[in-house]
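What follows is a short report on a single structure.
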Amino acid sequence: MKGFTLAVDTVVIIVVAGVVLLVILAFFKGSGSQGASQANLQQERTTICREYVQMDLNCDGTADDSSAAGKLKETRKKVVDICAKLGGYASCDDEKKGVVSGCVHDCCGFLCMGE
Numbered sequence: 001m002k003g004f005t006l007a008v009d010t011v012v013i014i015v016v017a018g019v020v021l022l023v024i025l026a027f028f029k030g031s032g033s034q035g036a037s038q039a040n041l042q043q044e045r046t047t048i049c050r051e052y053v054q055m056d057l058n059c060d061g062t063a064d065d066s067s068a069a070g071k072l073k074e075t076r077k078k079v080v081d082i083c084a085k086l087g088g089y090a091s092c093d094d095e096k097k098g099v100v101s102g103c104v105h106d107c108c109g110f111l112c113m114g115e
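Residue numbers for the sequence shown follow my numbering, beginning at 1 and rising by one.
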């Protein structure tokens with residue numbers, strides 16, 4: 001009987017260790033993907049802001065769209081979309097609702113020449 005008890009104890013310990021390992025893996029896998037997606041959004045923001053600032057150096061909305069081959073409005077919309085996804089820019093949320101505001105200036109201000 002003593003040999004049987006040792007085998008049952010070993011199986012119980014292995015099962016408990018496996019459950020703990022699965023819980024730890026699930027925790028780290030779930031929290032890691034959020035950080036990666038946030039980093040991807042930040043990278044997209046930097047890329048699209050650079051593209052926008054090449055057309056509107058001061059980010060004041062006074063650039064002539066004809067010099068940008070009609071890309072200014074499209075790029076501005078991309079900036080507003082990305083910055084609204086990132087969050088923390090109330091002006092971008094307003095702009096998505098149709099209220100013209102300083103979204104580009106708020107979100108891309110780190111690249112604007114007028115800063």
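Every residue gets a Cβ at the ideal spot worked out from N, C-alpha and C, and that includes glycine.
Sufficient close CB pairs (3 or more, under 8 Å) joining the stretch 69-77 to the stretch 17-32: Too few Cβ pairs lie closer than 8 Å, so no.
Nearest candidate by alpha-carbon position, reference residue 108, set 25, 52 and 94: The shortest C-alpha separation from residue 108 is found at 52.
Where the alpha helix (DSSP H) containing residue 81 begins and where it ends: Unbroken alpha helix (DSSP H) run through residue 81: 72-86.
Backbone secondary structure at residue 57 - three-state DSSP: For residue 57, the three-state secondary structure derived from DSSP is coil.
Straight-line gap, residue 37 to residue 86 (C-alpha atoms, nearest Å): Approximately 10 Å between the Cα atoms of the pair.
Span separating the alpha-carbon of residue 50 from that of residue 59: So the two alpha carbons sit approximately 11 Å from each other.
Span separating the alpha-carbon of residue 45 from that of residue 56: CA-to-CA, the gap between residue 45 and residue 56 works out to about 16 Å.
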